[in-house]
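Student:
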Amino acid sequence: MSDACGCGESRGGEEREPERLWQVGELRFAAVAGVLLAVGYGSGWVGVPEAVALVFKAAALVVGAWTFVPATLRRLVRGRIGVGTLMTIAAVGAVLLGEVGEAAMLAFLYSISEGLEEYSVARTRRGLRALLDLVPAQATVVRGGVECTVAPEQLRVGEVMVVRPGERVATDGTVVTGRSALDVSAITGESVPVEAGPGDEVFAGAINGTGVLEVAVTAAASDNSLARIVSVVEAEQARKGAGQRLADRVARPLVPGVMVVAALIAGVGSLLGDPATWVERALVVLVAASPCALAISVPVTVVAAVGAASRHGVLVKGGAALEALGRVSIVALDKTGTLTSNCPRVVEVAVVAPATRERVLAVAASLEERSEHPLARAILDAAPAPQRAEQVEAVPGAGLIGCLGGRTVRLGRPGWIEAGPLADRVARMQRAGATAVLVEDDAVVIGAVAVRDELRPEAAEVVSALRGAGCRVVMLTGDNRVTAEVLAAQAGVEPADVHAGLRPEDKSRLVGELRAHGAVAMVGDGVNDAPALATADAGIAVGAMGADVAIETADVALMGEDLRHLPRVLAHARRARVVMWQSVGLSLAIIAVLLPLALAGVLGLATVVLVHEVAEVLVIANGIRAGRTRALVLESGGPAVSSRERVGAARM
Numbered sequence: 001m002s003d004a005c006g007c008g009e010s011r012g013g014e015e016r017e018p019e020r021l022w023q024v025g026e027l028r029f030a031a032v033a034g035v036l037l038a039v040g041y042g043s044g045w046v047g048v049p050e051a052v053a054l055v056f057k058a059a060a061l062v063v064g065a066w067t068f069v070p071a072t073l074r075r076l077v078r079g080r081i082g083v084g085t086l087m088t089i090a091a092v093g094a095v096l097l098g099e100v101g102e103a104a105m106l107a108f109l110y111s112i113s114e115g116l117e118e119y120s121v122a123r124t125r126r127g128l129r130a131l132l133d134l135v136p137a138q139a140t141v142v143r144g145g146v147e148c149t150v151a152p153e154q155l156r157v158g159e160v161m162v163v164r165p166g167e168r169v170a171t172d173g174t175v176v177t178g179r180s181a182l183d184v185s186a187i188t189g190e191s192v193p194v195e196a197g198p199g200d201e202v203f204a205g206a207i208n209g210t211g212v213l214e215v216a217v218t219a220a221a222s223d224n225s226l227a228r229i230v231s232v233v234e235a236e237q238a239r240k241g242a243g244q245r246l247a248d249r250v251a252r253p254l255v256p257g258v259m260v261v262a263a264l265i266a267g268v269g270s271l272l273g274d275p276a277t278w279v280e281r282a283l284v285v286l287v288a289a290s291p292c293a294l295a296i297s298v299p300v301t302v303v304a305a306v307g308a309a310s311r312h313g314v315l316v317k318g319g320a321a322l323e324a325l326g327r328v329s330i331v332a333l334d335k336t337g338t339l340t341s342n343c344p345r346v347v348e349v350a351v352v353a354p355a356t357r358e359r360v361l362a363v364a365a366s367l368e369e370r371s372e373h374p375l376a377r378a379i380l381d382a383a384p385a386p387q388r389a390e391q392v393e394a395v396p397g398a399g400l401i402g403c404l405g406g407r408t409v410r411l412g413r414p415g416w417i418e419a420g421p422l423a424d425r426v427a428r429m430q431r432a433g434a435t436a437v438l439v440e441d442d443a444v445v446i447g448a449v450a451v452r453d454e455l456r457p458e459a460a461e462v463v464s465a466l467r468g469a470g471c472r473v474v475m476l477t478g479d480n481r482v483t484a485e486v487l488a489a490q491a492g493v494e495p496a497d498v499h500a501g502l503r504p505e506d507k508s509r510l511v512g513e514l515r516a517h518g519a520v521a522m523v524g525d526g527v528n529d530a531p532a533l534a535t536a537d538a539g540i541a542v543g544a545m546g547a548d549v550a551i552e553t554a555d556v557a558l559m560g561e562d563l564r565h566l567p568r569v570l571a572h573a574r575r576a577r578v579v580m581w582q583s584v585g586l587s588l589a590i591i592a593v594l595l596p597l598a599l600a601g602v603l604g605l606a607t608v609v610l611v612h613e614v615a616e617v618l619v620i621a622n623g624i625r626a627g628r629t630r631a632l633v634l635e636s637g638g639p640a641v642s643s644r645e646r647v648g649a650a651r652m
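Start counting the sequence shown at 1; every next residue gets the next number (the UniProt record's numbering).
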């Protein structure tokens with residue numbers, strides 16, 4: 001939060017964030033100050049001596065001012081001026097003018113606004129931290145061949161925990177035995193159950209279905225996927241969007257500027273008229289121009305929107321990411337694993353005599369044996385237990401080269417390896433929407449392998465939704481143009497917006513060129529697409545649950561596998577941006593209206609303070625509206641998705 005509003009350090013000294021209004025220290029002080037102030041004014045009305053009434057008003061002033069004056073003085077020592085400074089000067093000036101009641105009213109109302117601000121921010125942050133409540137209080141672990149119950153914090157990596165039907169998974173792990181369907185809606189936002197069996201990853205907070213699972217622990221409770229989400233979001237919330245930077249740029253110089261103007265009004269007015277009148281009017285101007293509502297308008301909105309998105313499986317890394325996401329007009333989609341399901345399989349093998357199908361697959365698999373490329377899995381599934389090639393080197397965007405049995409072997413895309421007699425077969429494979437890779441043994445082409453990765457079932461719906469929202473949709477892929485255009489046509493992407501045969505640096509360059517036509521969101525996996533993700537206004541990683549590199553690289557991470565999160569989070573960000581600028585506009589309008597009225601002497605100190613605090617409440621309430629999550633709720637239905645279908649570590 002901006003220092004212009006006197007924020008940035010703990011005000012209440014409470015270790016735990018308040019869950020109820022009465023737990024907010026500022027509001028408790030305000031309540032006491034309000035009672036004392038009421039007694040002070042009430043005692044004067046019933047004939048109690050004025051000295052007694054003054055004591056009550058002074059006590060109300062001390063109690064109310066305690067919520068902001070000490071912090072203001074500490075910041076002044078460090079050379080930082082904020083709205084608290086204006087309020088402190090105004091209160092001291094009112095006392096010097098003999099208006100103790102006015103000063104007490106100012107302190108009372110300002111302490112209420114400070115308390116409401118703290119409560120609103122704490123409320124939205126609690127929504128994010130509530131993710132940690134998805135972890136059960138106890139977990140069952142096998143130790144020494146005996147099942148025992150322990151706290152999740154006591155689980156150690158490598159241990160086997162038992163998850164019974166209906167129980168939540170205590171921390172991240174890999175299924176050892178058992179099969180079940182997991183409810184991950186609270187984590188990824190996917191309402192469709194995810195099937196899990198031996199070898200599949202499971203994540204903290206998932207609810208087990210009907211089967212008993214034995215899960216090998218892969219992360220401590222303090223470092224599991226939920227803990228990382230909360231840690232990343234809270235760390236990244238310090239990043240400020242353009243709206244918040246505007247609020248800061250206006251608020252910070254406005255505070256000392258207002259102090260100078262108030263001093264001039266008091267000085268010049270005192271020379272031309274009654275000093276008491278003009279000093280009082282200067283104090284009113286000082287309070288009228290306070291930019292507290294402006295300073296809190298964007299942070300409250302950001303915290304509310306980011307927290308809401310996180311609760312529905314979308315990790316938005318702070319105000320800068322939210323602001324950029326709300327401006328997006330062009331969406332660049334990686335093909336493999338983003339538009340496609342990232343579950344490729346070999347659909348055809350072409351051979352050149354005297355080579356055999358088995359020989360072609362064996363050579364291809366020997367090179368892919370340690371590859372992280374998504375096509376490698378399909379080839380290795382078709383040729384189990386391959387002999388490992390030696391001295392394997394990857395040629396980015398082209399293929400692999402290595403040594404097998406003393407012979408040089410290569411595997412790669414057409415063009416890098418000439419298709420020769422297989423040119424027609426390769427062209428037919430590509431027209432069918434498959435990716436064709438050629439296999440070369442000792443400088444002789446021996447075959448081609450066709451691998452196809454099917455389009456995600458929701459891909460066409462997502463592209464249609466993006467275009468319906470006014471976004472231009474572009475496909476970027478390292479695959480060949482024929483294959484890319486076939487899949488693009490199925491997804492609804494215009495042929496002119498398909499860019500194929502790209503290396504990682506080519507994707508980055510194209511994203512940079514697209515930015516000349518509008519704000520660009522790049523959607524990829526956060527590994528090979530990292531340059532493009534960094535170049536885009538907003539980098540979005542899909543299926544990032546458990547993938548540290550995707551979370552760290554992207555500005556936004558869609559934790560689930562359902563691509564329909566994408567248009568929904570864009571709509572959510574656009575709505576939050578509208579709310580943000582509504583609050584900024586209201587805050588500036590209040591100052592613009594109050595200043596001339598205060599200067600003309602139409603409004604008194606108490607009235608100006610009241611208007612400001614009402615405006616602050618309105619800004620806070622408006623900002624909290626950005627936390628509504630209607631746009632992110634997924635429809636139910638559709639088949640269960642295997643966790644093996646999660647996004648792989650690399651893309652084309």
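Glycine included, C-beta positions come from ideal geometry on N, C-alpha and C. Here the structure is a predicted model, which means the values were calculated and not measured.
1. Starting from the C-beta of Ile401, find all residues in its chain whose C-beta is less than 6 Å away, skip the five residues before and the five after it, and write them out in chain order.
2. Rounded to the nearest angstrom, how far is the Cβ of Ala362 from that of Pro386, given a contact under 8 Å?
3. What do you reckon, are the CB atoms on Val217 and Val157 nearer than 8 Å?
4. I need the straight-line Cα distance from Glu454 to Asp334, nearest angstrom please.
5. Counting beta carbon pairs with one atom in the segment 267-277 and one in the segment 566-578, are three or more of them shorter than 8 Å?
6. Quick check on DSSP: helix, strand or coil for Ser371?
7. Near Ala631, which residues of its chain fall below 6 Å by C-beta distance, leaving aside the five closest residues on each side in sequence?
8. Would you identify the three-state DSSP class for Arg28, choosing helix, strand or coil?
9. Taking buried to mean at least 16 other C-beta atoms within 10 Å of its own C-beta, is Leu594 buried or exposed?
10. For the alpha helix (DSSP H) holding Ile590, just list the boundary residues, first then last.
11. Going by beta carbon distance, what residues of the same chain come within less than 6 Å of Val316, once the five residues before and after it are set aside?
12. Considering only the beta carbon of each residue, do Gly178 and Gly205 sit closer than 8 Å?
13. Under DSSP, the alpha helix (DSSP H) around Ile620 begins and ends at which residues?
14. Please confirm whether Leu533 and Leu502 have their CB atoms less than 8 Å apart.
15. What did DSSP end up calling Gly209 once you bin it into helix, strand or coil?
16. Quick check on this structure: which residue in Val260, Pro504, Asp537, Cys471 has the alpha carbon closest to the alpha carbon of Ala554?
17. What's the call for Val215, buried or exposed, on a 16-neighbour Cβ count within 10 Å?
18. Might you give, ordered along the chain, the residues of its own chain that have their beta carbon closer than 7 Å to the beta carbon of Gly546, omitting 5 neighbours on each side?
19. Below 8 Å on the Cβ atoms is my guess for Ala576 versus Thr301; work out the distance and round it to an integer in Å.
20. Tell me whether the segment 24-33 and the segment 61-68 touch, counting them as touching only if at least three CB pairs, one residue from each stretch, are closer than 8 Å.
21. Which stretch, first to last residue, makes up the alpha helix (DSSP H) that contains Asn277?
22. Go through the segment 338-414 residue by residue and report every complete run of the alpha helix (DSSP H) that reaches 4 residues or more, in order.
23. To which residues of the same chain is Glu645 closer than 8 Å at the C-beta, ignoring the five residues directly before and after it?
24. Applying the criterion that 16 or more other CB atoms from any shown protein chain within 10 Å of the CB defines a buried residue, is Glu513 buried or exposed?
25. Using alpha carbons as the reference points, say which of Val48, Gly101, Val346 lies closest to Ala58.
26. Between the segment 421-433 and the segment 486-497, are three or more C-beta pairs nearer than 8 Å?
27. Straight-line CA distance for Arg509 to Gly524?
28. Relative to the C-alpha of Pro414, which candidate in Ala355, Asp381, Trp45, Arg481 has its C-alpha closest?
Tutor: The short version:
1. Indexing the sequence shown from 1 puts residue 401 at position 401. Sequence-distant Cβ neighbours of Ile401 in its own chain, meaning closer than 6 Å and more than five residues away, are Glu393, Arg410.
2. The sequence position of residue 362 within the sequence shown is 362, counting from 1. The sequence position of residue 386 within the sequence shown is 386, counting from 1. Ala362 to Pro386, Cβ: 6 Å. Contact.
3. Within the sequence shown, numbered from 1, the residue matching residue 217 stands at position 217. Within the sequence shown, numbered from 1, the residue matching residue 157 stands at position 157. In this structure, Val157 lies closer than 8 Å to Val217 by Cβ.
4. As a working mapping, residue 454 is identified with position 454 in the sequence shown. As a working mapping, residue 334 is identified with position 334 in the sequence shown. Going by the C-alpha atoms only, they are around 14 Å apart.
5. As far as the Cβ criterion goes, the segment 566-578 does not touch the segment 267-277, which means the pair count is below three.
6. On the sequence shown, residue 371 is found 371 positions in, with the first residue counted as 1. Ser371 falls in the coil class under three-state DSSP.
7. In the sequence shown, the residue the question calls residue 631 occupies position 631. Caution is warranted here: a pLDDT of 46 is assigned to Ala631, below 50, making its placement in the model unreliable, and no coordinate value can be reported.
8. What you label residue 28 is simply residue 28 of the sequence shown in a count that begins at 1. Arg28 carries a helical assignment under DSSP once its states are collapsed to helix, strand and coil.
9. The residue you call residue 594 lines up with position 594 of the sequence shown. The residue in question, Leu594, is buried, as its Cβ has 16 or more Cβ neighbours within 10 Å.
10. For the purposes of this step, residue 590 is taken as the residue at position 590 of the sequence shown. First-last of the alpha helix (DSSP H) with Ile590: 565-599.
11. What you label residue 316 is simply residue 316 of the sequence shown in a count that begins at 1. Close CB contacts of Val316 within its chain, under the 6 Å cut and outside five residues either way in sequence, are with Val306, Ala309, Leu322, Val556 (chain order).
12. For the purposes of this step, residue 178 is identified with residue 178 of the sequence shown, where counting begins at 1. For the purposes of this step, residue 205 is identified with residue 205 of the sequence shown, where counting begins at 1. The Cβ atoms of Gly178 and Gly205 do not sit closer than 8 Å to each other.
13. Locating residue 620 in the sequence shown gives position 620, counting from the first residue. From DSSP, the alpha helix (DSSP H) with Ile620 extends over 605-624.
14. Walking along the sequence shown from the start, residue 533 turns up at place 533. Walking along the sequence shown from the start, residue 502 turns up at place 502. Not closer than 8 Å, so no.
15. In the sequence shown, counting from the first residue as 1, residue 209 sits at position 209. In this structure, Gly209 counts as coil in the three-state DSSP scheme.
16. Within the sequence shown, numbered from 1, the residue matching residue 554 stands at position 554. Per the C-alpha coordinates, the member of Val260, Pro504, Asp537, Cys471 positioned closest to Ala554 is Asp537.
17. Indexing the sequence shown from 1 puts residue 215 at position 215. By the neighbour-count criterion, in which a residue is buried when 16 or more other Cβ atoms sit within 10 angstroms of its Cβ, Val215 is buried.
18. Walking along the sequence shown from the start, residue 546 turns up at place 546. Bear in mind that the predicted position of Gly546 carries a pLDDT of just 47, short of 50, making it unreliable; the figure below should be weighed with that in mind. If we look at Gly546 and ignore the five residues flanking it on each side, its Cβ neighbours are Asp172, Glu201, Phe203, Ser225.
19. Counting from 1 along the sequence shown, the entry for residue 576 is found at position 576. Counting from 1 along the sequence shown, the entry for residue 301 is found at position 301. Rounded, the Cβ-Cβ distance is 6 Å, consistent with contact.
20. Contact between the segment 24-33 and the segment 61-68 is present, because at least three Cβ pairs lie under 8 Å.
21. For this step, residue 277 is matched to residue 277 along the sequence shown. Here residue 277 is Thr; the residue named in the question, Asn, does not match the sequence. From DSSP, the alpha helix (DSSP H) with Thr277 extends over 275-288.
22. Complete alpha helix (DSSP H) runs here, min 4: 357-368, 374-382.
23. Your numbering for residue 645 matches position 645 in the sequence shown. Caution applies to Glu645, whose pLDDT of 35 falls short of 50 and renders its modelled position unreliable; the value that the coordinates give is listed next. Ser341, Asn342, Cys343, Glu561.
24. Numbered from its first residue, the sequence shown carries residue 513 at position 513. With fewer than 16 other Cβ atoms inside 10 Å of its own Cβ, Glu513 counts as exposed.
25. Within the sequence shown, the letter at position 58 stands for residue 58. The closest CA to that of Ala58, considering only Val48, Gly101, Val346, is found on Gly101.
26. A contact is defined here as three or more CB-CB pairs under 8 Å, and the segment 421-433 meets this definition with respect to the segment 486-497.
27. Within the sequence shown, residue 509 is the residue found at index 509, counting from 1. Within the sequence shown, residue 524 is the residue found at index 524, counting from 1. In a straight line, the C-alpha of Arg509 is about 15 Å away from that of Gly524.
28. What you label residue 414 is simply residue 414 of the sequence shown in a count that begins at 1. The residue among Ala355, Asp381, Trp45, Arg481 with its C-alpha nearest the C-alpha of Pro414 is Arg481.
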